[in-house]
Amino acid sequence: MKVNAVFEGGGVKAIGLVGAVRAAEQYGFQFHQVAGTSSGSMVAAFLAAGYCAEEMKTMILQTPFISFLKRSWLSNVKVVGPLTRLLIKKGLYSGERLEYWVYQMLLRKGIRTFGDLQPGQLRIIASDISQGKLLVLPDDIAQYGIDPKKLLICKAVRMSTSIPYFFDPVILRKSVASKSRESTFARQFIYIVDGGILSNFPMWIFDKEESAAAIPTLGFQLVGKSPNHPREISGPLTMFQALFSTMMEAHDERYIEEHNRFRTIKIPTVGVHTTQFDIDEKTSLKLFDSGKKAAEQFFKKWSMQYYIDQYNQYFQGRFRNPPA
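Convert by adding 13 to the 1-based position in the sequence shown; the result is the number in this note's numbering.
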């Protein structure tokens with residue numbers, strides 16, 4: 014059966030999403046259109062490119078996430094260095110290594126740009142903090158004079174995963190048509206960061222489709238409080254890590270709207286923090302198993318008829334012709 018899927022962001026906890034994908038595959042589900050925010054956008058991108066869960070699991074386990082935290086010489090200067098880099102670059106780390114890794118992984122499947130995929134097959138959420146609006150990529154990139162089909166998927170993923178102040182924002186320059194004569198040089202640039210600021214779990218994204226119930230939408234959400242262990246803060250770097258982890262993990266405890274409960278797989282995060290980039294293989298495997306078990310429990314109780322009934326109840330008028 015074909016399904017659409019929405020993946021919530023959660024930093025290094027993304028392997029939990031992959032575990033749930035594995036269970037979906039075992040139950041015979043095929044992914045039609047996918048969407049995601051932050052690390053959920055990576056899972057969505059890899060699925061759209063043709064990766065299966067086992068391949069993604071291997072990729073993640075073989076990649077030390079700590080390698081994504083590229084430190085410049087400036088960052089190594091105690092106290093002053095990280096603060097100076099924040100002032101200049103607006104982030105502690107560049108994000109370039111993460112982007113290049115995603116590029117390499119997608120290229121293995123012959124995928125580079127959104128034009129290499131089917132229209133609407135992949136959608137990624139990012140946040141334009143210069144203009145205070147949510148972006149659904151690739152379509153919304155046209156606002157900046159960029160052809161959506163030519164947008165690199167790895168660039169969109171980087172936009173969506175740029176946790177504010179942790180990774181550098183992605184900076185775009187306004188198109189000539191959108192510039193005003195009164196605009197200063199600084200105002201010609203747009204700063205794009207993590208989509209989780211505005212929509213970390215965009216379950217709404219496929220509801221406008223005419224086939225929204227004919228092709229079910231399933232949400233993959235990371236939930237559960239992290240252990241209440243105090244984080245050691247010894248300087249600017251550890252302070253920002255604690256700040257960002259706390260900020261992003263607030264999403265994990267958000268109330269799931271009633272109309273989304275019937276289509277949301279809730280994946281316990283086994284105490285892993287969003288920015289725990291030094292996560293070890295044992296913990297990663299524990300997260301994978303957590304996602305797999307959560308999805309198995311969900312699918313044991315799931316049926317298309319139940320989905321249709323719930324969809325009709327909460328989305329009256331959107332679904333006219335239920336399948337036989």
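Beta carbons are placed, not taken as given, at the ideal position from N, Cα and C, and that holds for glycine.
All values reported here derive from a predicted model rather than from experimental measurement.
query, result
"Residue of PHE78, SER303 and LEU164 minimising C-alpha distance to ARG125", "LEU164"
"Alpha helix (DSSP H) segment containing ARG35, residue limits", "27-39"
"Straight-line Cα distance separating GLU21 from GLN310", "19 Å"
"Cβ shell of SER143 (< 6 Å), same chain only, five flanking positions each side left out", "ILE203 and TYR204"
"When GLN131, PHE127 and MET172 are compared against PRO151, the one with the closest alpha-carbon", "PHE127"
"PRO161 (DSSP reduced to helix, strand or coil)", "helix"
"Identified DSSP bridge partners for PHE233", "PHE20 and ILE278"
"Stretch pair the segment 100-115 + the segment 169-182: three plus CB contacts closer than 8 Å", "yes"
"Beta bridge counterpart(s) of GLY104 as assigned by DSSP", "TYR178"
"Cutoff 6 Å; reference SER54; Cβ partners in own chain excluding five residues on either side", "ILE137, VAL170 and SER173"
"Boundaries (first-last residue) of the beta strand (DSSP E) holding ALA61", "Not the beta strand (DSSP E): ALA61 falls in the alpha helix (DSSP H), residues 52-62."
"Residue environment, SER316, which counts as buried when at least 16 other CB atoms sit within 10 Å", "exposed"
"Start-to-end residues for the alpha helix (DSSP H) that takes in LEU130", "Careful: LEU130 lies outside any alpha helix (DSSP H) and carries neither H nor E."
"Residue from GLY133, ALA62, GLY23 and SER107 with nearest C-alpha to PHE81", "SER107"
"First through last residue of the beta strand (DSSP E) which encompasses ALA155", "Premise fails: ALA155 is in no beta strand (DSSP E) and is neither H nor E."
"Nonlocal neighbours in the same chain, by C-beta distance under 6 Å from ASP207, ignoring five residues either side", "SER51, SER175 and ILE176"
"Residues near TYR268 in its chain [Cβ-Cβ closer than 8 Å; skip 5 each side]", "Bear in mind that a pLDDT of 48 at TYR268, under 50, signals an unreliable position, so the number given afterwards is only what the model happens to contain. Hits under 8 Å: none found."
"Residue span of the alpha helix (DSSP H) that contains ASP302, given as start and end", "294-314"
"Residues near LEU74 in its chain [Cβ-Cβ closer than 7 Å; skip 5 each side]", "GLU294 and SER297"
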